[in-house]
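>
Numbering (the UniProt record's numbering), first residue to last: 1 to 105.
Listed below in structure tokens is the structure:
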């Protein structure tokens, strides 16, 4: 039996350091040390941790995004592209999809 798709886990996975194709995403571009940043050998400072506010931002909370920005948690390569892709993806979900199982409610 396969694993269930868990929306918040997917959002978190898409908003942390990784490699997409041949492109490395979520390398730090700021000059402070936000909560989400860690140094990974051979890659340097990256977004190693997601924040619960990321989910709120994906679902459209302007305030959550403001807090993430003020705290430096958006200062990563591809952060806004990934966020916009997730916003679009989840905005297209139907009510039936949101109700499909307990993970989605």
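Built from N, CA and C at the ideal position, the CB exists for glycine as well.
Would you check if the region 68-81 and the region 49-56 touch, i.e. whether three or more CB-CB distances between them fall below 8 Å?
yes
> In whole angstroms, what separates the C-alpha of residue 34 from that of residue 28?
For the purposes of this step, residue 34 is taken as the residue at position 34 of the chain shown. For the purposes of this step, residue 28 is taken as the residue at position 28 of the chain shown. In a straight line, the C-alpha of residue 34 is about 10 Å away from that of residue 28.
> I'd like to know whether the C-beta atoms of residue 78 and residue 26 end up nearer to each other than 8 Å.
Residue mapping note: residue 78 aligns to position 78 of the chain shown, counting from 1. Residue mapping note: residue 26 aligns to position 26 of the chain shown, counting from 1. Yes, the pair counts as a contact, with Cβ atoms nearer than the cut-off.
> Which runs of the beta strand (DSSP E) fall wholly inside the region 31-91 and span at least 3 residues, in chain order?
You should have 37-40 and 44-47.
> Who pairs with residue 28 in a beta bridge, going by DSSP?
On the chain shown, residue 28 is found 28 positions in, with the first residue counted as 1. Residue pairing for residue 28: DSSP places it in a beta bridge opposite 76.
> What residue range does the alpha helix (DSSP H) around residue 17 cover?
Taking the first residue of the chain shown as position 1, residue 17 is located at position 17. Careful: residue 17 lies outside any alpha helix (DSSP H) and carries neither H nor E.
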